[in-house]
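Only one structure is covered here, and it is reproduced in the block below.
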DNA sequence: TTTATTCGGAAACGACCATTCCCTATTATC
DNA sequence: GATAATAGGGAATGGTCGTTTCCGAATAAA
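Residue numbers (my numbering), protein chains in the order written: chain A, 1 to 184; chain B, 185 to 368.
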């Protein structure tokens, strides 16, 4: 069942909510129509479940990227690099479900909007936490405003997903190198 | 006719392509079904015309924001501030059609993808040009890499539209203040 | 072995979509 | 003033959508 949800997730990421039909979903999930409606109340419920799974997986990925850093600054750099990698190539073309939901649904779907906002705030708090860690361990200057910088970095990461979806090439080290000036 | 297109543009920005029906379009444009199909070949053509109009209007807006600056650095700051303003409030909730098209359509619609890529590159070149102007007039250090910084700033601007659509508040002066560190 | 129950599959249904067609005013032309 | 031409409005249409319902197979209980 989780593997079926993963397949649904991929379709939602590629095509968005409205452009994926139940037919697309059943084909991707290798399930019949009735079975999907046995497992989920409706298409919206499938989407919400896929969203939840996506944020869980992505959260784990960025947390593990952060773990590969010796201090706050390195952890933050690794997180940003991880975002660039995920915004490129096949994964980038597939797109970010949070960005997609924000753009396509948050204006008309309160349930989705709430989840998108919560996820953005979670990510922002995570980044702000890394900045404060860096300030505590001396790798980031104390005069950096953690909250403002974190919010700008959220804009950067979400923006990378947008331009990655448009298939513009992104050079990880160069881009992150520039972005790290925000921690000066 | 242009005012009808403006009304269509607003609906496309709010709801995206797939979620706006011909009925939504005719209601917004105050036109009957047949009249829309007299003026445009199909829904896709309406969207493309709206896209073209959107990029023209937005280009004029950011160019005039840039003009209100005495040197390259100030022009760039004004452009960024203008982006934050447009990402907030009613306008922010309405969303950016370039971002929306990139996320919802660029994966499956080559015509849209070409226009989105072209627009992103135009914006990026404009920003890179402002950076070089600043370097020529001495307001921006010469060691700043214009291309890399411009690409990151494109990520920032597109990202602001995403979080603005999700209705997170954005403080213009604070955010831009942090972003200007990229020109150090 | 028989019965009850759960599970997946496929056909059926009503609603709504994009598109086409036709009709009616209104304008321009002679 | 009559007529041709055009623009706009709205009903009709074929197709597809999301959802429901029903049916058969497989499994567990008795």
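Ideal placement from N, C-alpha and C gives every residue a C-beta, glycine not left out.
Cβ-based burial, residue i [other Cβ within 10 Å; buried from 16]
i                      : result
residue 99 of chain A  : buried
residue 346 of chain B : buried
residue 200 of chain B : buried
residue 349 of chain B : buried
residue 206 of chain B : exposed
residue 34 of chain A  : exposed
residue 302 of chain B : exposed
residue 157 of chain A : buried
residue 327 of chain B : exposed
residue 288 of chain B : buried
residue 92 of chain A  : buried
residue 214 of chain B : exposed
residue 64 of chain A  : exposed
residue 89 of chain A  : exposed
residue 60 of chain A  : exposed
residue 3 of chain A   : exposed
residue 279 of chain B : buried
Residue range of the unbroken alpha helix (DSSP H) whose run includes residue i
i                      : result
residue 350 of chain B : From DSSP, residue 350 of chain B is part of no alpha helix (DSSP H); its letter is neither H nor E.
residue 188 of chain B : 186-199
residue 131 of chain A : 110-137
residue 217 of chain B : 217-223
residue 286 of chain B : 281-288
residue 22 of chain A  : 22-29
Partners in chain A for residue i, counting only beta-carbon separations shorter than 9 Å
i                      : result
residue 205 of chain B : Those within 9 Å of residue 205 of chain B in chain A number zero; the least Cβ separation is about 11 Å.
residue 275 of chain B : Within chain A, no residue comes near residue 275 of chain B; the closest Cβ sits about 13 Å away, beyond 9 Å.
residue 323 of chain B : What residue 323 of chain B touches in chain A: nothing, since even the nearest Cβ is about 17 Å away.
Chain-ordered neighbours of residue i on chain A, where CB pairs are closer than 8 Å
i                      : result
residue 315 of chain B : Under the 8 Å cutoff, chain A gives no residues; its nearest Cβ is about 11 Å from residue 315 of chain B.
residue 340 of chain B : 152, 155, 156 and 159
residue 270 of chain B : Residues of chain A passing the Cβ test: none, with the nearest at roughly 13 Å.
residue 297 of chain B : 166 and 167
residue 209 of chain B : Residues of chain A passing the Cβ test: none, with the nearest at roughly 15 Å.
residue 301 of chain B : 166, 167 and 168
residue 379 of chain B : As shown, chain B starts at 185 and ends at 368. That puts residue 379 of chain B outside it, with no answer to give.
residue 362 of chain B : 145, 148, 149, 152 and 182
Chain B contact residues for residue i, given Cβ-Cβ distances below 9 Å
i                      : result
residue 79 of chain A  : Near residue 79 of chain A there are no residues of chain B at all, since even the closest Cβ is about 15 Å away, more than 9 Å.
residue 175 of chain A : 332, 335, 336 and 339
Contacts of residue i in chain B (Cβ-Cβ under 8 Å)
i                      : result
residue 106 of chain A : 349, 350 and 351
residue 95 of chain A  : 287 and 291
Contact list for residue i against chain A, beta-carbon separation under 7 Å
i                      : result
residue 284 of chain B : 103
residue 198 of chain B : 107
residue 304 of chain B : 163, 166 and 168
Cross-chain neighbours of residue i in chain B, by beta carbon under 7 Å
i                      : result
residue 181 of chain A : 365, 366 and 368
residue 44 of chain A  : Residues of chain B passing the Cβ test: none, with the nearest at roughly 13 Å.
Worksheet item: Fully enclosed by the segment 229-279 of chain B, which beta strand (DSSP E) runs are 3 residues long or longer?
Response: none
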